[in-house]
Each structure stands twice: as C-alpha cells, then as structure tokens.
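*Asks:*
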Amino acid sequence: MTHQPTSAQDLLQVRDLGVEFTAPDGSTLRAVRGVSFTLRRGETLAVVGESGSGKSTTALALTRMLPGTGRLSTGSVLLDGQDLAAASAEELRAVRGARIGMIFQDPMTALNPVLTVGRHLDEVLRAHGSREKHGRRQAKAARRTRAVELLDRVGIPEPHRRIDDHPHQFSGGQRQRILIAMALAGEPDILLADEPTTALDATVQEQILTLLADLNRETGTALVLITHNMGVVARSCARVLVMYGGTVVEDGPTAEVLTRPRHPYTAGLLAAVPRLSAPSGTRLTGIPGSPPDLTLLGDGCAFAERCTLVEDRCRTGVPPLVELTDGVRAACLPAAARTEPLPAPAPPARIDRPATGAVVLEADGLRKTYKRRGVRGRGFTALDGVSLTLAEGETLGIVGESGSGKSTLARVLAHAHPSDGGTVRLRGQDVTRPARRELHAVRRQIQMVFQDPYASLNPRMTVGQIVAEPLISFGLGDRDERDARVAELLTLAGLDPAVADRHPRSFSGGQRQRIGIARALAPEPSVLICDEPVSALDVSVQAQIVGLLTDLQRDLGLALVFIAHDLAVVRQVSHRIAVMHQGRIVESGSADDICENPQDPYTRALLAAAPEPVPVKPALRKTEVLA
Amino acid sequence: MTSTPDLAPASPATLRKPVRAPQKGTLRKTSRHPYRAALSTARARTGLVLVGAVVLAGLLAPLLAGHGPTDQSGLSLAGVGTPGHPLGTDDLGRDLLSRVLYGIRADLGIIAIAVPVGAVLGCLFALAAAAHPVLDTLVQRIFDLILAFPGLILALAVTAILGPGRLPVVLVIALAEIPAFGRLLRGGILVQREREYVTAARVGGSSGPRVLVRHILPNAADPLIVQVAVSLTVAVFIEGAMSFLGVGVRPPEPTLGSVLSQSMPYLAQAPHFAAGPLITVTALVLGLSLIAEALNREVRR
Amino acid sequence: MTELYPSPSPSTGLSRRSTLLAGGGSALLLGLGLTGCRSAVSESSSAPEETGGKPRRGGTLNLAVNSDFVPALLFAQSGQSLQQRLIYNTLTRYDDALTPKPELATSWTYAKDGRSITLKLRDDVTFHDGRPFTADDVIFAVKNLQNPVRAAQLRSTAAAVNGFEKRGDHELVLKLAHPVNNLFDLFEFMIITDEKTVEDAVTGKKLIGTGPFKLKKWSPGSGLSLTRNDSYWLPDRPYLDGVELRVIPQADALISSLRSGQSQLSFAVPGKSLGVINSDPKLKITNYDTGAGAIYLGVNTTIAPLNDRTVRQALAWAIDRDRLLAQTLGGYGLASAAPWPKSSPAFSEAHRTHYTHNPGKARELLKSAGHSKLSFPLLHIGLPGETAIAESIQYDLKQIGVTTTLEPTDGATAQKKLISQEMPALWSMGHGFAQVQPSTLAVSAYPFNEAKNTSKYRSATYTKVVQEAWTKPETSAAEANALHEKISGILLDEAFIIDLVVRGQVQVNADRLHGVALNKFSYLNLDDAYLV
Amino acid sequence: MRGYLLRRLPSALLVLLGASFLIFTILRLVPGDPASSLAGPDADAATVAAIRERLGLDAPLLTQYAHWIGSLVTGDLGPSYAIGGQVSDLIADGLGATAELTVAALLFVIVLGGAFGILGATSRSGWVRSAIRVTTTAALAVPPFVSGVLLVLLFAVVLGALPPGGRVSFLGAPDLAAQYLLLPALCLALPSAAVLGRYLKDGIERALAEDYIRTATAAGVAPRRLLWRHALPNALPPVVTLLGMQTGHLLGGAVLVEAIFAWPGLGQLAEQGLSRRDYPVVQDLLLLLVAVFVVVQLLTDLVYAWLDPRIRWE
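Chains A, B, C and D are the protein sequences, given in the same order.
Residues 1 to 627 in my numbering are what the first sequence spells out, letter by letter.
Residues 1 to 301 in my numbering are what the second sequence spells out, letter by letter.
Residues 1 to 532 in my numbering are what the third sequence spells out, letter by letter.
Residues 1 to 314 in my numbering are what the fourth sequence spells out, letter by letter.
1) With a cut-off of 8 Å, does the C-beta of residue 202 of chain D fall near any C-beta of chain A?
2) Can you find at least 3 beta carbon pairs, one from the segment 251–268 of chain D and one from the segment 184–198 of chain D, that sit closer than 8 Å?
3) At least one CB of chain C closer than 8 Å to the CB of residue 85 of chain D: is that the case?
4) Any idea if residue 22 of chain C is buried or exposed, counting beta-carbon neighbours within 10 angstroms, 16 or more meaning buried?
5) Cβ of residue 136 of chain C less than 8 Å from any chain B Cβ?
6) Classify residue 435 of chain A: buried if its beta carbon has 16 or more other beta carbons within 10 angstroms, exposed otherwise.
7) Leaving aside the five residues before and after residue 107 of chain C along the sequence, list all residues of the same chain whose C-beta is less than 6 Å from its C-beta, in chain order.
8) With distances taken Cα to Cα, identify the nearest neighbour of residue 140 of chain B among B/38, B/162 and B/185.
9) Are any of the Cβ atoms in chain B nearer than 8 Å to that of residue 163 of chain D?
10) Quick one: is residue 174 of chain A buried, meaning 16 or more other Cβ sit within 10 Å of its Cβ, or exposed?
11) Which residues, taken in chain order from the segment 141–154 of chain B, show a beta carbon closer than 9 Å to some beta carbon of chain D?
12) Among D/113, D/213 and D/36, which has the Cα closest to the Cα of residue 104 of chain A?
13) DSSP state of residue 195 of chain C, grouped into three classes?
14) When we look at the beta-carbon of residue 295 of chain D and count the other beta-carbons within 10 Å, is it buried (16 or more) or exposed?
15) Quick check on DSSP: helix, strand or coil for residue 579 of chain A?
16) For the beta strand (DSSP E) that residue 498 of chain C lies in, which residues bound it at each end?
17) Quick check for students: name the residue ranges of the alpha helix (DSSP H) that lie wholly in the segment 237–284 of chain D, counting only runs of 4 or more.
18) Which residues in chain D sit within 7 Å of residue 71 of chain C, going by Cβ to Cβ distance?
19) Taking only beta carbons into account, state which residues of the segment 384–397 of chain C come closer than 8 Å to chain D, listed in chain order.
20) Thinking C-beta only, is residue 525 of chain C closer than 8 Å to residue 188 of chain C?
21) Quick one: which chain B residues come within Cβ less than 7 Å of residue 149 of chain D?
22) Given a cut-off of 8 Å, decide if residue 561 of chain A and residue 546 of chain A are closer than it, judged by their beta-carbon atoms.
23) Counting along the chain, where does the alpha helix (DSSP H) carrying residue 127 of chain D start and finish?
24) Show which residues of chain D have a CB atom less than 8 Å away from the CB atom of residue 533 of chain A.
25) Roughly how many angstroms separate the alpha carbons of residue 334 of chain C and residue 69 of chain B, rounded to a whole number?
26) State buried or exposed for residue 324 of chain C, treating a residue as buried only when at least 16 other CB atoms are found within 10 Å of its CB.
27) From what residue to what residue does the beta strand (DSSP E) around residue 529 of chain A run?
28) If we count Cβ pairs, one from each stretch, closer than 8 Å, do we get three or more for the segment 197–214 of chain B versus the segment 441–458 of chain A?
29) Just mark residue 275 of chain A as buried or exposed, buried being the case when its beta carbon has 16 or more other beta carbons within 10 Å.
30) Checking contacts by CB at 8 Å: is residue 32 of chain D closer than that to chain G?
31) For residue 11 of chain D, decide whether its Cβ has a neighbour in chain B, counting only Cβ atoms nearer than 8 Å.
32) Check whether the segment 368–382 of chain C touches the segment 503–516 of chain C, counting contact only when three or more Cβ pairs, one atom from each stretch, lie closer than 8 Å.
33) Is the beta carbon of residue 114 of chain A less than 8 Å from the beta carbon of residue 308 of chain D?
34) Please name the residue, chosen from D/298, D/250 and D/195, that lies closest to residue 132 of chain D on a Cα-to-Cα basis.
35) Using three-state DSSP, classify residue 50 of chain A as helix, strand or coil.
36) Which same chain residues, not among the five before or five after residue 79 of chain D, have their C-beta less than 6 Å away from its C-beta?
Dropping the structure here:
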C-alpha cells in the first residue's frame, strides 16, 4: 500500500477503506476492499465503474450512511484530520450537509413527495445552526430568504414563487437542481454526487454538469462525481478513480487515463463506449463476461476472469495499486510489469452488412393521445403524425429524449397499443386495426425487445417457459420440438441452453436481455422492435448486446427498429436514423448524415449534449455548441 | 369507491437505469421458492408449530379425548386436574378437554370451507372487475355494500333465515372474506397489468385469457397468500362472535367460540372454563399471524 | 387544499401537526377522566344520613335490570315488568294467600250469581298530571285490555266484562258475561293508565299513572329514570326520591354493580351466580314463592309417536329435573312435574314429584308403546341459558334412546311458531301465569289453552274442566280445590306440556335497602322501601 | 374537490339504493314478524291480526317498500314498531351514543396505534419492540367479546375502578361520562389499534428506507426530525385509508361491544330492533350505517389527498 504524505491541500484522505454487508444467508459480503485516495480542496474527482464496482458504496461509506447491514470493516476517512470512521453520530451529523454535501442518482425519489421545496431547504438550513441567530420567527424568515437565494443559484426560475411547490411539480432536471441546492445549503467543502445525471436526458445532463462545474469553480467546493459514464468523466473531472469489484483499479489525471489507460479493465471499458464519431456499421468491442458477483469473489484480482492479460499470479493475490507513471496508479500485476502503456484499442471494426431489401413495414401519420387522469378534456399527445418505412435487413434508429414518444411508437408498431390515427402496413397490407386472428398473424411477424430486462420477464416463469411462451401461443411444434427450439434460441442469443430451467432473477442484466431477445426471436419474426434495449445495461455488456443484435440481423435478415436516447449507439447500429421530438419525427436520414450534418436545431442540440469519453477543455466544448 | 386513489402521473421522464442498492447481486443466489424461504424463518416456524399443534390436536380429537364432547355428568365446573378431566368440566359436567379438542375440529371444518369459498368468490368478482370497466364499477359497489353492512347484524339475519347450523356460519364468513380477497386481487391485477412482462406476453402472441391466467394471476396472487392466513384468523373470530350472539353452530356440538361463550358467565367463579378455548384460539391466531407476517415480508421484497 | 399544508408562513400554520396534537390531547384528556375528581363507581349510590334502621325519606335507588322496558308491551306480561307498580297502580293486590287487598279499590262486593262486582274506589288519587282518578279510568283500563292490540294475556278475563255501571265518580259496577274466578288476577294485573296519553304510553313517550314515581326519562337501551311523585295518595310515601332502572345485560357486570354498591336491588342475577352473592355480607338474597315462571318441555301431540300418551309420559320420566335445576339454574328454583309454584293454591307435593328422574321406567314405557329408539327435533331459544337447558334435556332424553336435534331459534321466530302452532315435535321454553289463580293458566297461558294450544292437544274433558274452573264463582274453596286437582291430573297424565322446573324469583338487595315487595306479576312495589 | 364529490354522488346513491333493497329483502326473509313478536308468547290469532293491521303489514311488499322509501324522502321516519318512540328519536339517541363511542375508540386507535407504530419502527430497545409486538399480537389474538368481558372483570369486578357498563351523558357530567366510556372504547379500539400500529410501523420502516430520507440524512437532519417531519407524513396516507376502513369496522364491531357494555348505541338498537322485528328501526338504521360508511370512504379519499400533495381530486 502506498502511503502518501499528508499535505496541507489534502481535504479528504481515505485509507484502506473496507465495507462489508451481511447477506440474508448470514455470509459476509465485501463490497469495498482497501480503497484509498485523497481529495484536495477544490479538486474534481470522478469515481467511475460499472454496477457492483463499489463506487456508490464507497461514497456512502465516507459519511457512514451505509444502508442495511453495511458497516465499515477497515480503514479511516480523514476529513481535515478528523476520522469520520470513528466519529460519533452527533459529530457525523455535523459533517453531513455542512462539510460534505451529497447529491443522489434519482431525483424522482430523492426528494420527499409531501414536503415543499422550501421545507426541504429549510430542513438543511435548520440542521446547521442558522436557528439560534435571532428569534424563531426571524430565523425562519432568514432561512426562507436563503432558500430562495439557493434556488436562484441553481437556476430554478422564479424561485420566490416556486419555493412553496412540491417536488412533483418540477421536472427531473429541476429536481436535480433542487437536490444540488440542498447539498449547497450547508456551504460544504465537498460535494459528493452519486450518478447525478444518470436518470436525466442528455441535454439536461449537460446543464447539470455545467452547473456543477460552475459551482466548483466559483465556490471552490471539491467535487466527487460518481458515474458509470466515461463521457461524463471526461466532461467534468480533472482526476478519475476507476473501480472494479470493490477495489480501485486505476487512479490518475483524466486526460491521461482516458487516452492511455494502464489497467486492462479501463482499456476494455473505453473500447466498449460507443463514440459518436464512429461511423454507422461499425462494431464495438465489449468486455466478455459480466461484472463480478461480490459473494463469489476470491482472493485474486476481481477482473481476472474477464482479463485478456490474465496470468496465474493474478488469481492468487489482490494486486496493489502502484504508481506507474507520474500521477497514474494502477492495480494490475501484468500492467505494472509493462513499461509501455496498453496498446490503444482497436478502432471499431467495420462490419459487412447485406444490402437492404424490400419495404416490410410502413407507418403513415400515426397518432396517439393518452388521456391524462385529472386533466379534464386534455390529453397528452405522444405521437403526432409519425410516418416511417422499414426495409428487410435494415436498421432504423430512432432517437429522442424522454417524452418524445419513441417508446409509444415502439408499442404502436408492435401492436401492444392501438394507434388513434394513421395506418400501419406490413408488406403492403393494412394492419392498423387488425381483427383478432389477423392480429395474431401480425404479431408473429413483428416482435419486440424491451428496455428493462428486469421488468419485461415474468418473475414466476423459468427461462425455458418464457422463451417457449410465444411458441405455445402461436402453436409452433409439440412439446419436444419446442424444447429443442428453446435450446436453439438460447444458443442463438448467446446463452447456455442448460439455463432453461432457471428463473430470471438468477441472471445478470445482460443475460436477461439475451433471454428477452431469444423470446422475441421465437416466432421467427421479420421485424424486431427494440425499445431502448441497452439503456439499462453496463457499458461493457451494452457492446455485447448491440453486437448480438447486429449479428442476428445479418444472419436472419431481420428488419430492426432500434430505439435509444444515446445517439452514439444508434449511429453505430442504424442504417437510417429518425430523430423524435414531442411526438414528431423532426429529422430523418442516413445515420452518418444525421450525425455529421444535422439540419434540425433539435438534432444539433442532442449531438452537442452527448458526452464523449475524450478529454476536452470545457471552454472548447462551449464554443462548439455555440457554433 | 376506490379507497386508494391512484397516483397522478409524475413527469414523464423514464428511468434509464434502475436504482440499485449496493448489496444487489446477493439475491441472485437465493433461487429457492420465495414462500419456502419465508416459511423457514424462525418467526414462521414458530407459527407453523403453533398452528400445526392446534390442527393436529383437532384432527386427533377422537384419540386424545377421553370422553364424548357432549357427554354430561353431575360433576359441574370441576377444576383443572380433576381425575379423568384434565381441563375440568363445564356447567353441564361435560369434559372440557374433549369439548376443546372437538371444538378445534369443528372450527377447522368451518374455516377450511368458508375461507376458500370466500376467497374463490372474491377472486371471481375481481376477475369480473378486471374484465370490463362497467363490471368493475358494479363489483366495487358490491364490495362497498358488503363492507358497509354491519357483519354481526347480517349474521343474525342470515341465521334467522337459514336456521341454525354450519351453513350460516360458513356463509357469513365467506361473505366477509369476499371483499378482502376481491379488492386485493383486483388491485394486484390492475398493477400487474401495467407491468412490462404483460405487454411482452401480449406482443408474444398470448391470448387475453392466457395472459391473465399464465402471467398476471401468478404474480397478483402473492398478497392473497398472506390474506389467507389473515382470513383464517378472522374466520375464527366470526365463528366465535356468532356463537356469542347465539347464532353459531348447532348445539351441543362444541366449537371454540361456543365453548368460550358458554364460559363467559362463569369467568369469575370458574376461570378454567374459559382458559382452554382461550389459549387455543390465541395460539391458533398467533400462529397464523406469525405465518402471515413472515409471508408478508417475503412478498414485499 | 395543499395550500394549507406544509406552508411555511405562520398565518396558515394550521397543519397536520396541530391536528395530530389536538387528537392526542383529547385522548389524553379522556384518559385523565380516570383520575379526575369523581369516580363513576362510588358516585352512583347516594343515600340519606344514617338513621339507625328507621324508615327515612330520601335517596335514590338504583335497580339493576338485564333488559330494558318495552313500552309496546306495557299492557302485557313481559320479561321486565318491574316498573309497572312504580309508575302505575292496580285496583287490588294479593297477599301471600292470594287474598285481595285494597289498592285503588277500597272495597268490592260480588253479586250472588257472580255475574257482577261492585267496586268502591279511592277518591283521593290523582294522576301525575294532576287529574283526579275516577271510575272512568277503570272503565278505560278494562276496555283497553279488551283491545287485542294491547296483547294482554288476561284479555279473556277482561273480555268477560260486558257492562259498566257508574255510580258516581268513585263507585263502579262491572257486569260479567259469565262468572269468572280470576277477576282479582285481572285487578292485580291491570294497571290504571291515563286514557288521553295512552298512545304516548305505548311508545314510551309519556307514562302517566297514579303510582309513587313519575317518569323522568326513558333512554331506550339504558333504562328508566323515575322521580318521586310528591302527591302520591299514600301519605308520606314513597320514602325514596327516585328510582333508576339501569340495564346491565352482562351478568358479571350486573353482579359487580351490586357488590360495589352501584346498584342496590336486582331481580336479574342468574341462579348460577348467586353463590358469589351469598358470600357477600352486604347483600341479601330473598327467594319468592311465586317463582319466575316454569321451564317446560313442550310436545307436539300430532306427531307420531308423540300422539301416544305413553311416549309423552316416558319423556316426562326421563328428565333429571334436579340436575337441570342444579346445573342450569344454580339450584335456585323448584324441580317440579306440575306447573304450580309454591304460592299457588293448586300446589301439592304429590303433583310436584309426580314424575321423577327414572330412566328405567321411561325406557319401559317406551318399550310398552313399541319403541326403543326415537328421534325428534327440539326447538329452543338460542340464548346461552336456554341452550344449556335444551342441552341438558337432550342428554337425558338420549339416555332413554330418544335422540334429539337441537334447533336454536331466535326469540321472535320461536314466539311466532309458538302462537301459530308451528312448533316441531319438541320444544323447551318457559311459561308464566301459574302463580295466581290456577284457572288463569289455562285461559291466559297459550301453551295450556284448552281451545287452541301449541301442542295441538284437545280433549273434551280438559275443556270442560278448565271452563268449569274458570267460570266457577269464587265461593267454595273446596270445590275450587277439587277442580284444581282435576286440572293438575289431566296436565300430568296427558303430558303435552312436561313441566320441569319452576324458576326461582330471586331478589338480591343491599342490606341497606328495606321494604321491597313484588306483586304476583312481578311488579315492583317500593311504596315502603327506604335506604339506610 | 367539488367536481370530485359530484362525480362520486351517483355511485354513492347507487350503493344506497342497492343497500335499501337488500335490507328490505333480508328483513322480510327473516322468519317471525313484528306482529307476533309484539303480541307476546300467549297471544291469540285475533291479537296478532289486529297488530298486523295496525302496523300496515297486511299491505303488499312493494307498497311497504315504497312506503319506506317515501318516509326516507320526506324525512318523517314514523314510529318504531316494538321498541317504542319515534324512529328518528331512537336513531338520533343511538347515533349520539355510538358516535361518542366510535370517536373515543378512534382516538384510542390513533393514539395507541400511533404509539405502537412509531415506537415499533424506531425504538432502539429490543425490549420495547418485543413488548409492542406482544401487545399488538395479543390485541389481535383475543376475540373482542372475550377482551370485553376480561376488561369488565379486571377493571369493574376485581379493581372496582370503573363502571361495568352503561352510559352517562357528556353534557351533564363529562368526568363521569369519560369513565363510563373508557372500557367500551378501549375494547372496541384495541384490535384496530393493533392493526393500525402494524401498518404504521411498516409504513414508517418503508419510508425510512426511501431515498429522500437518505437525502435528508446526508444533509445532516437530526434523526428525530427525520422521523417526525420526513418519514411520518409519508407513512400517513395509506394509514388514513386503513383508518377509514377501520371506522367501518368500529361501527360494525359496536354491535358486540355495545351488547357487552350496555352502551345504548346503534348496535344495541339494531340488535334489539332485529330481535323484535322492528322493521322501521332496523331498516333505517342499517341504511344509515351504509350511508355513514360511504361518507367515511369519501372523507378518507379527501384526507388522503390532503396528506399527499401528489393527489388532486378534480
């Protein structure tokens, strides 16, 4: 373990931090192991990693806010020399909010639905002593004034009017701003932001990141940004800490780490991130396998199972974090032995795509309005005259932010919801409002892959049953034939056919999405509608699934509708892209054209907001946006 | 009248990534059936032992009881430990141990019919409600009506109409259970129907009935399992209350409720009279509620 | 609506918090009531100063009853008749030997043929509203009882009066269609009410009588509140300032109210609980010879083989009356094969023990009638006490090979079946009207009615004897006794109503209460009662 | 809110109409009739017939039903058959008593249930939590008719501290009235308080596990405030729904408790009315109870909306 000397600049020193949970079966689960890092005043530090990497747990452990059975097992957390790991509850309370402010991932649930925004801020201000200043009433008035100031600072328009509104009356981005205001209220030295933009649209994400950067610059508050998004890291932080399997695998200046990763995991992760600059029809390299199961973790390097450089010694001991070059540390024995940085990832490989065939699916002027409860007479228009065509062997990418109507479009095309107007034609035949029997036939042709692999699989059925369900419904084969076909489909989707008798809950996200794909392929459809199929997946897994879909299209000649909010992914997989905004397609064209030569201002804004995992100077980016 | 107002939709931002607790992944290992997991907790085991003991005692009544439950003697209100009468005797000199054991038997016979009947009827109503909005309104009003009616008055009226015996007891219990199960299942169906796996099943070509039976019901049924345990408790109470009001099972057949209500006038002079049935009822109800709690925890996960 | 809630401005600060606080506060206040200044337990017994046992004015008597006053049954014998003689008066009152004594009637003379009676009435009596009592009120009282709507059990006797002759305001001749020998039962039974307010009386709104107490308030379900009638016709009476009839349905609660001194008098203590009372030195138990009605096993004589008298007699031999008495009534009462209580002129020890517990004999009788195993339904009222009685009967019958299925029935249904002759083969219930003139039983108690009864028993002999006993002028005691003997004989021999036990009429009172009396119809007389 | 109430009105009326029909039918199906019940055990046919005619029971059923609905519409409920007095007076008296009992019981439910829930969810002392578990389990495991008798036995018979039954008006002697009220209210409240306590405990535990609590904790809000100001208001709305349902139960359970404690309320009135086949009393009373239930449900929804700012009734 390297021991860095304490300097006056060091605000927070974390040494050998370990966190344990007790699993329901009584076994001990080590979520974080031997994490050490320092944070200097005013510094911006990103902690990046995939699910299960221990990044959020580390953040929560700093102020001892571990949920459930979580506890600090080793190490210390020195805040200006005070060890928070040993502090009393009262001392911790004085630190929380006042010295370390926190922002959480999901602004939908992180605010108390029954309290007004003003009350939220008031609670923080009251907790940190602005109470005893004057009389009760004056103190209260003072707090309110301060709350308005704070809301104004984080960019809530008309703060004096909105201070008495409840959280549900704000948009997601505004709620995140309110959370930031709360974190700032105690004028902390450190702002700890745990995936602050993950649930937000790209354009909103951009605004929030800008706000955080401004705050860091103006108030000198150190920022610890926990994220899974390399683009966000590149965009916001000077230094980055890469975590995997509960340990820090690499630590160094962002520019250095992103361009010359030393740890094979970092390298693999960067290679898996889709880049907007990559042209259509290229293939990403994912990291094989899936993030580790912490309960099964042995003594060796957590990444050993997925590593290309793995050696025998990697499996016997946890590699120490050693300084490899100036300011860059990595925890990898093979990498430490190398003098050269790892070779740059291979540029995305171009894949040969068969030419597209005849038009299979055609939509013309689709409309869909949802009746909104409580609002009399007025509905929410999700689709407002959408027209598109899809050819055999073609991938049509549909991009848009939340509320743009892209998911509704998917559902209307897949006949999960009826449209209110317009027509859908399948191979020239009008199937807008099919009769029951006809609908059955249409559904055999058009299948769907869902966004959330957790929610779209029936938790009560085994994988085999789930995949066999469409076969039964469409009356395909007898029992034995079905079993054989299920095995075939699972293999096709990259799963071991032996898993057929297990339940979805024993699979990881990526594997579940493979199950969903196997199910969708079961009736041998000609059109596959993929509604955000990779949004819920880790980056390394995302590349695998995208690759799978591309392969399937090539092999089966499928027509794909690929819906996503991430332009980079869409560009890679799609022949053509349609950009949706407020229920309308605002622009469509070939994938490369749209990304390189956008016409619609909205498309341009989307492109500008997409964070790229390339270190850039913020000032430069801004001018880009303006241009 | 929906008693739980539906939440108004929040702003339509979709969740990109499920919020995950840091200890996620630990659940992956538990591939056992959730109910079995729930029933193997210490709490549920205690409950199972209690209920099991009571049920076993009831089933083995003919072997365990030394006397016929209706055999009278001149020995009124003999105390606990009287030779031949371990729990003593009642006012008519009947052996209390036998009466309690046979009482358990009678109660089990009633609740084992009444609760399933109520549950099935309630579920049928819920299915009807799920089928069509008009039916839904109608069914909900029916539930309201049942809930609004004072149960014991209903019990008196039903017994007066049907005459004494098990039938009115079973009927009243079943009636009381209908809205409990019906509302629960209706709510469950409404929630599950919006789940994505249901859309997936429909897109996968499953017919309406198949989606309901194969996909929605198994998932909506979880709370019903808990409700069964709760309802069994309620059933024991209803039986008791009806006996107390003199409209229970036809005498002289003992039920836990009737022995208990017969003991009430002697509570001061012969407390042992009430002790047997009271302890039995308490053990049964306690056991059931422990099981319900354990299941409930598992279901809520 | 939301604007109210969590508003930071102090002006609209009425939030849930204050609501919750208010709620909690009031619950706390409720709890504090416990430790408050007065105790509801000790408050209720107010008494005049100690006077050394002499009658003394003042004090309120708390009377614990287990069921409420039913105004619709004001003119009928009902479960709860205690208030009748408190608010109203009757014309005469029986002494223990069933000799009439003056009340509102001061003297009476029968005509020789027994077809009319001349009554002299008190002239110093006023109703609670100040109106003087006259012969018209008696005429109204009789006519009122003749109205079937009033459901008076002694309607047949009242109906025998077919003419009135007023001689001034305070003398009256009642003319009879035929002689009746239970006219004084009627006079004991018939309360004198105010004609103008009689419709208000049967709805419980206004009870205007001439009695020692006036109605202050009737709260349905909780009881009657009575105050002293200051212009009562008996000088210096009553001693008490008031009487509170409190309904306490739960036996334990009723007993505890007596033991704690909250109430000082009750006739509703179940026999099986009297053991507790006995051990309390401050409480006194009085057992009235009149009894409180009899428990019987009714037999439907139209259902074979119950149409066979021998079978009915077998049933009568089967029942262990002493066990029934001991186990279901706590021993308070009289095991008896005949309906008569000890106070009845028809009572005789021989009749009482005509049937005893003799299962052997019962089986023999059954055998002689050609039966060994029989089974019948047995209807009873589904209240705990009645059920225990039926269970006991069922067990005894089982011992002679007669199995029965109990039919617990609610009171109203049972009553309807009783009076519309729809009873099943067997039923167990209670009857009254054996405590006065024996002839009253046969003409006023439906189960014994000669013309139409629940058992559907008819016999010319029974009709003849009953009519004779009823219309015999009250002259010769010996002749009357002979007729009573005949009636008892038929009842016992025919066994269509198998009497089991005469319930004890038990009075429990605090030893500080003196001078309590009951008339033969269980009307409470507190004229001379006082608290020390 | 007004629009919401107006929208709910037809279905509320539907429930009431259905209830009236059901009540009427059930009552006529019950054997025995008011006339023979009033006539007494020794009455002859003439007496019964005279009473039937007087009560109007000789009219066709439909006429009787119409007459009843008519009496409801005009508000003149007429006289009771058997109990005595005007139906409206009887019900008004009974309603007063029952309302008193129910409100007191509701207070107990809220205070006891609140204490059970809050302490059960937050107490650090395992001893306190176990005690609450045992208490709530016992309150649920002992049938109310037994707990009623046990309460009488303990407080009235053994301790002699409280009266065993009856009611004193709050107007004249509030301190005495409270003592009469205590036992029946407690008996009525215990099971509901236990249920409420469990719900509240679950609700608070769930709320405490929510993200917004983490947010507040991270902001340094004190644990006490976390509970009272952040978690509790979120745990309340479902509890209010439950409380609405429990109010129905309290009204229904009053039949038994009123019988045990001689509380002259609607339960007693209903039982008496039914046992004497006093049609008008039972009919009007049951319909009233249904109406109360409907109104309570409405109120519950409104309170829910008041507690949860996300809900708006249009």
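Every residue gets a Cβ at the ideal spot worked out from N, C-alpha and C, and that includes glycine.
In this text the structure is predicted, and so the values were computed from the model without any measurement.
*Replies:* With the given structure in hand:
1) no
2) yes
3) yes
4) A caution first: residue 22 of chain C carries a pLDDT of 42, below 50, which makes its placement in the model too unreliable to give a value.
5) no
6) exposed
7) 120
8) B/185
9) no
10) buried
11) 141, 142, 144, 145, 147, 148, 149, 150, 151, 152, 153 and 154
12) D/213
13) coil
14) exposed
15) strand
16) 497–503
17) 266–275
18) 84
19) none
20) no
21) 264 and 267
22) no
23) 126–141
24) Under the 8 Å cutoff, chain D gives no residues; its nearest Cβ is about 27 Å from residue 533 of chain A.
25) 29 Å
26) buried
27) 527–531
28) yes
29) buried
30) This model lacks chain G altogether; the protein chains it does include are A, B, C and D.
31) yes
32) no
33) yes
34) D/195
35) coil
36) 86
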